[in-house]
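S.K.: The sequence shown begins at 3 in the working numbering and counts up by one.
After the structure tokens below, expect a handful of questions from me.
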Amino acid sequence: MSDILQTSTQLIRDLKLEAHPEGGYFIETDKRKEHVYSPFAEGNANRSLATSIYYLLTYDNPKGYIHMNKSVTYHVLHQGRAEYTLITPGNPPKVEKKIMGTNTAAGETRQLLVDTGIWKMSQLLQEDFTKAQTDAERDSINCLITEVVVPGFEWEDHKYLSKEALEDLFRGVDNGSESIDRFSAFIVTPSPAPSTSDKRRISDERLLT
3 MSDILQTSTQ LIRDLKLEAH PEGGYFIETD KRKEHVYSPF AEGNANRSLA TSIYYLLTYD
63 NPKGYIHMNK SVTYHVLHQG RAEYTLITPG NPPKVEKKIM GTNTAAGETR QLLVDTGIWK
123 MSQLLQEDFT KAQTDAERDS INCLITEVVV PGFEWEDHKY LSKEALEDLF RGVDNGSESI
183 DRFSAFIVTP SPAPSTSDKR RISDERLLT
């Protein structure tokens, strides 16, 4: 396990994190007042220049559901480690696994860029789970990152992968049924609605200032 600077309990308390509909915990840390027309949004809609959040996975909340953002997302590691699975649609779809962590010699990365139009999910590593035997050790299993979304996040640009879409994605692909079974655990049905805190992200400002 990588060295942990703070426990999950401390991080949730000190950073004032809330449960995220995607799984894990979060808090929005910045939303730029400047606005641009997004080349990724429908109709090149007006978006904040950038938004950022803290995002935390913990022993008790260890995974994020598969979802896609139209904007580009930068992930920057603060502590811990987690495995990210990226699925680029295609025939066949391209599946990549990246571990965010500090052991660069083992291929881990401290920074991860997820481009527009890519399905993404994250989870803590099973090997770290098995090493945690006490409550104190379990509280130390986590991964804290900053996510920066450019142009800024809006729920209109976000969607969850449904079971039907998952089946369509891997239909006719070699070992497709195995992929469907594996990723079904990361499908949320029905898709959760944004909480009040999440809705604060949706700006009422629709015109450039």
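Positions of the beta carbon are idealized from the N, C-alpha and C atoms, including for glycine.
When the Cα of Tyr67 is compared with those of Thr60, Gly109, Gln125 and Lys18, which residue comes out closest?
M.R.: Numbered from its first residue, the sequence shown carries residue 67 at position 65. The option with the nearest alpha carbon to Tyr67 is Gln125.
S.K.: Are the CB atoms of Lys122 and Tyr86 within a distance shorter than 8 angstroms?
M.R.: Here residue 86 is taken as the residue at index 84 of the sequence shown, counted from 1. Here residue 122 is taken as the residue at index 120 of the sequence shown, counted from 1. Going by C-beta atoms, Tyr86 is nearer than 8 angstroms to Lys122.
S.K.: Give the straight-line distance between the Cα atoms of Thr118 and Asn71, rounded to the nearest whole angstrom.
M.R.: The residue given as residue 118 occupies position 116 in the sequence shown. The residue given as residue 71 occupies position 69 in the sequence shown. Using only the alpha carbons, I get a separation of about 6 angstroms.
S.K.: Which residues in the same chain as Glu36 place their Cβ atom closer than 7 angstroms to its Cβ, once the five residues preceding and following it in sequence are excluded?
M.R.: Locating residue 36 in the sequence shown gives position 34, counting from the first residue. If we look at Glu36 and ignore the five residues flanking it on each side, its Cβ neighbours are Leu51.
S.K.: Tell me whether Thr11 is buried or exposed, calling it buried when 16 or more other Cβ atoms sit within 10 Å of its Cβ.
M.R.: Reading the sequence shown from its first residue, position 9 is the one you call residue 11. It is exposed - the Cβ of Thr11 has fewer than 16 other Cβ atoms within 10 Å.
S.K.: Using a 10 Å radius around the Cβ and a threshold of 16 neighbouring Cβ atoms, would you call Gly154 buried or exposed?
M.R.: Here residue 154 refers to the residue found at position 152 when the sequence shown is read from its first residue. Its Cβ being crowded by 16 or more others within 10 Å, Gly154 is buried.
S.K.: Okay, do the stretch 164-171 and the stretch 126-138 touch, 3+ Cβ pairs below 8 angstroms being the bar?
M.R.: no
S.K.: Using 8 angstroms as the threshold, is the C-beta distance between Tyr39 and Ile143 below it?
M.R.: As a position in the sequence shown, residue 39 is number 37, starting the count at 1. As a position in the sequence shown, residue 143 is number 141, starting the count at 1. For Tyr39 and Ile143, no; Cβs fall outside 8 angstroms.
S.K.: When the Cα atoms are used, what is the spatial distance from Asn105 to Thr111?
M.R.: The residue you call residue 105 lines up with position 103 of the sequence shown. The residue you call residue 111 lines up with position 109 of the sequence shown. Spanning the two alpha carbons is a distance of roughly 7 angstroms.
S.K.: On the DSSP bridge assignment, give the partners of Ser50 in chain order.
M.R.: Taking the first residue of the sequence shown as 1, we reach residue 50 at position 48. Ser50 is bridged to His37.
S.K.: If you draw a straight line from the C-alpha of Ser179 to the C-alpha of Phe172, how long is it?
M.R.: On the sequence shown, residue 179 is found 177 positions in, with the first residue counted as 1. On the sequence shown, residue 172 is found 170 positions in, with the first residue counted as 1. Each residue's alpha carbon lies about 7 angstroms from the other.
S.K.: Of the residues Gly26, Tyr56, Pro23 and Ala47, which one's Cα is nearest the Cα of Asp16?
M.R.: For the purposes of this step, residue 16 is taken as the residue at position 14 of the sequence shown. Nearest option by C-alpha distance: Tyr56.
S.K.: Rounded to the nearest angstrom, how far is the Cβ of Pro95 from that of Val175, given a contact under 8 angstroms?
M.R.: Locating residue 95 in the sequence shown gives position 93, counting from the first residue. Locating residue 175 in the sequence shown gives position 173, counting from the first residue. Going by Cβ atoms, the distance from Pro95 to Val175 rounds to 7 angstroms, so yes, they are a contact pair.
S.K.: Given that a residue counts as buried once 16 or more other Cβ atoms are within 10 Å of its Cβ, and exposed if not, what is Gly92?
M.R.: As a working mapping, residue 92 is identified with position 90 in the sequence shown. Burial call: exposed.
S.K.: Put Gly66 into one of helix, strand or coil per three-state DSSP.
M.R.: On the sequence shown, residue 66 is found 64 positions in, with the first residue counted as 1. Three-state result, Gly66: strand.
S.K.: Within the same chain, show all residues whose beta-carbon is closer than 6 angstroms to that of Leu79, passing over the 5 residues directly before and after it, in chain order.
M.R.: Your numbering for residue 79 matches position 77 in the sequence shown. These residues qualify, in order along the chain: Met102, Arg112 and Ile147.
S.K.: Leaving out five residues on either side along the sequence, give the residues of the same chain with a beta carbon under 6 angstroms from the beta carbon of Phe188.
M.R.: Position 186 of the sequence shown, counted from the start, is the residue given in the question as residue 188. Within the same chain, Phe188 has close Cβ partners Tyr67, Ile68 and Met123.
S.K.: If you scan the stretch 70-136 from start to end, which runs of the alpha helix (DSSP H) of 4 or more residues do you find wholly inside it?
M.R.: For the stretch 70-136, whole alpha helix (DSSP H) runs of length 4 or above, ordered along the chain, are 128-133.
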